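J.:
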Amino acid sequence: MIETIEQYLERCRGLVEGAIEGNLPPSDAAPSVIHEAMRYAVLAGGKRIRPILAIAACEALGADATPLLRSFAALELIHTYSLVHDDLPALDNDDLRRGRKTTHVVFGEAIGILTGDALLTEAFSWLARPAGDVEPASQLRALLEVAQAVDSRGMIGGQVADLEAERALDGSAQRAELAARLDFIHRNKTGRLLTASVLLGGILAGASESSLELLSRYGRAVGLAFQIVDDLLDTEESAETLGKTAGKDVAQGKLTFPALYGLAEARREADRLLAEAVALADMIGGPGNYLAEIARYICHRRS
């Protein structure tokens, strides 16, 4: 590889930032407060893992990601919308995100709600616009893949199940039932959008059905590993390192991998999923394939 993984991630972040900056409504567009809030929420930094996974999948298949960047950047709008709403008083009631005050703290709860709404809507506007020379049928398939990943049977369903499972460890549920609920929460709340990110890159790159199946399996492994690592970091790292409030899961009685299985077993499961993701990335092949390195980055990160 010509670039190290650090160089690759930094270059891709720059591409994503440029696409977001260039396509979001300007902050002075009326009504200015909502556009200021959208920019505040999205342009606050972040790892940009979801659009980077789309870029990496696209490039692993030998396609040029440049004309598809707006579509890939839409994933970051969706992810940020979910964070803005998660931080609201009715949900996690958090005042720190990406190292600074959360959107609703700065702009008020009503604008915080509307900012999330606006980001989600804007994302699908970007996904619906022509992208390079992609056939309309492929673009529609990609858009549907993302929509189903975040609907009431995807990310939203996972968020609802997460809320319902608070304090579940204090109840009388059997371990097998708790394990099934935990798997549903993680695979939907976090994993579905990460899997859709990889598939978005593959579909818009014109991947074969066999390649899409490998990308889907890779995405599921990475998606679950990502959330397990998040659970571990919440217990092991400080708010300063994370850029968000640490220890929330324990304080809120969340059903998490460390809470159910313990730290050591959670780490072993993340390592197992990492090995699975790396093996699948190697099967996908391609001369510019950073998917395995991205999986390692996700599992070894400290924030």
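Start counting at 1 in the sequence shown, then tack on 14, and there's your number in the working numbering. Beta carbons are placed, not taken as given, at the ideal position from N, Cα and C, and that holds for glycine. Keep in mind it's a predicted model, so treat the numbers as computed, not measured.
Answer with buried or exposed for residue 59, where buried requires no fewer than 16 other C-beta atoms within 10 angstroms of its C-beta.
T.: By one-based count along the sequence shown, residue 59 stands at place 45. That one is exposed.
J.: Pull up the DSSP beta-bridge partners for residue 115, would you.
T.: Locating residue 115 in the sequence shown gives position 101, counting from the first residue. Answer by DSSP bridge pairing, in chain order: 110.
J.: Pull up the distance between the alpha-carbon of residue 120 and that of residue 112, whole angstroms please.
T.: The residue labelled residue 120 in the question sits at position 106 within the sequence shown. The residue labelled residue 112 in the question sits at position 98 within the sequence shown. The alpha-carbon atoms of residue 120 and residue 112 are separated by roughly 14 Å.
J.: Are the beta-carbon atoms belonging to residue 87 and residue 65 less than 8 Å from one another?
T.: Here residue 87 is taken as the residue at index 73 of the sequence shown, counted from 1. Here residue 65 is taken as the residue at index 51 of the sequence shown, counted from 1. Yes, the Cβ-Cβ distance between residue 87 and residue 65 is below 8 Å.
J.: Any contact between the stretch 270–283 and the stretch 302–312? By contact I mean 3 or more CB pairs, one from each, below 8 Å.
T.: Not touching, per the Cβ criterion.
J.: Tell me the rounded alpha-carbon separation between residue 122 and residue 109.
T.: Taking the first residue of the sequence shown as 1, we reach residue 122 at position 108. Taking the first residue of the sequence shown as 1, we reach residue 109 at position 95. Going from the Cα of residue 122 to the Cα of residue 109 covers about 12 Å.
J.: Using 10 angstroms around the beta-carbon of residue 205, count the other beta-carbons present and answer buried if the total reaches 16, otherwise exposed.
T.: Residue 205 sits at position 191 when you count from the first residue of the sequence shown. By the 10 Å Cβ count, residue 205 comes out buried.
J.: Could you check which residue in 168, 89, 41, 19 has the C-alpha nearest to that of residue 30?
T.: By 1-based counting over the sequence shown, the position of residue 30 is 16. Among 168, 89, 41, 19, the Cα nearest to that of residue 30 is on 89.
J.: What are the complete beta strand (DSSP E) segments, minimum 3 residues, inside the stretch 193–217?
T.: Listed in chain order, nothing qualifies, since the stretch 193–217 has no complete beta strand (DSSP E) run of 3 or more residues.
J.: Do you know whose CA, among 293, 203, 221, 62, lies nearest residue 23's CA?
T.: Counting from one through the sequence shown, the residue named residue 23 turns up at place 9. The candidate whose alpha carbon is nearest that of residue 23 is 62.
J.: Alpha carbon to alpha carbon, what distance is there between residue 302 and residue 15?
T.: Counted from its first residue, the sequence shown places residue 15 at position 1. Counted from its first residue, the sequence shown places residue 302 at position 288. In this predicted model, residue 15 has a pLDDT of only 49, less than 50, meaning its place in the structure is not dependable; the value taken from the coordinates is given anyway. Roughly 7 Å separates the two Cα atoms.
J.: Could you give the C-beta distance for residue 172 and residue 81, rounded to a whole number, given that I count them as a contact under 8 Å?
T.: Taking the sequence shown and counting its residues from 1, one reaches residue 172 at position 158. Taking the sequence shown and counting its residues from 1, one reaches residue 81 at position 67. Actually they are not in contact, since the Cβ atoms of residue 172 and residue 81 sit about 32 Å apart, beyond 8 Å.
J.: Can you tell me the Cα-Cα spacing of residue 78 and residue 198, whole angstroms?
T.: For the purposes of this step, residue 78 is taken as the residue at position 64 of the sequence shown. For the purposes of this step, residue 198 is taken as the residue at position 184 of the sequence shown. The alpha-carbon atoms of residue 78 and residue 198 are separated by roughly 35 Å.
J.: At 4 residues or longer, and completely inside the stretch 145–186: list those alpha helix (DSSP H) runs for me, N to C.
T.: Runs of the alpha helix (DSSP H) inside the stretch 145–186: 150–163, 169–178.
J.: Taking residue 201 as the reference, which of 232, 267, 187, 169 has the closest Cα?
T.: Residue mapping note: residue 201 aligns to position 187 of the sequence shown, counting from 1. Out of 232, 267, 187, 169, 169 has the C-alpha closest to the C-alpha of residue 201.
J.: So, under 8 Å CB-CB, residue 56 and residue 92 are touching, yes? Tell me the CB distance rounded to an integer number of Å.
T.: If you number the sequence shown from 1, residue 56 lands on position 42. If you number the sequence shown from 1, residue 92 lands on position 78. Wrong, their Cβ atoms sit about 11 Å apart, outside the cutoff.
J.: Would you decide whether residue 313 is buried or exposed? Buried here means 16 or more other CB atoms lie within 10 Å of its CB.
T.: Looking up residue 313 in the sequence shown gives position 299. It counts as buried.
J.: Between residue 284 and the rest of its own chain, which residues show a CB-CB distance below 6 Å, the 5 nearest in sequence each way excluded?
T.: Taking the sequence shown and counting its residues from 1, the one referred to as residue 284 is at position 270. Only 239, 242, 243, 313 meet the Cβ criterion.
J.: Just to confirm, are residue 164 and residue 214 a CB contact at a threshold of 8 Å?
T.: Position 150 of the sequence shown, counted from the start, is the residue given in the question as residue 164. Position 200 of the sequence shown, counted from the start, is the residue given in the question as residue 214. Cβ distance not < 8 Å, so residue 164 and residue 214 don't count as in contact.
J.: With a CB to CB cut of under 8 Å and the five nearest residues on each side skipped, what residues in its chain are close to residue 299?
T.: Within the sequence shown, the letter at position 285 stands for residue 299. Only 74 meet the Cβ criterion.
J.: With distances taken Cα to Cα, identify the nearest neighbour of residue 26 among 47, 68, 130, 98.
T.: In the sequence shown, residue 26 corresponds to position 12, counting from 1. When only C-alpha atoms are compared, the closest one is 68.
J.: Would you mind giving the Cβ-Cβ distance between residue 317 and residue 218, rounded to the nearest angstrom? I have them listed as a contact below 8 Å.
T.: The residue given as residue 317 occupies position 303 in the sequence shown. The residue given as residue 218 occupies position 204 in the sequence shown. Not a contact, Cβ separation roughly 29 Å.
J.: Quick check: the stretch 149–159 against the stretch 223–233, are at least 3 beta-carbon pairs closer than 8 Å?
T.: With a cut-off of 8 Å, the stretch 149–159 and the stretch 223–233 do not count as touching, because too few Cβ pairs lie within range.
J.: Less than 6 Å between C-beta atoms, sequence neighbours within five positions excluded: which residues of the same chain meet that for residue 221?
T.: As a first step, residue 221 is located in the sequence shown; it is residue number 207 there, counting from the start. Once the five neighbours on either side are set aside, the close Cβ partners of residue 221 are 75.
J.: Taking the straight line between their C-alpha atoms, what separation do you get for residue 54 and residue 39?
T.: Residue mapping note: residue 54 aligns to position 40 of the sequence shown, counting from 1. Residue mapping note: residue 39 aligns to position 25 of the sequence shown, counting from 1. Approximately 12 Å between the Cα atoms of the pair.
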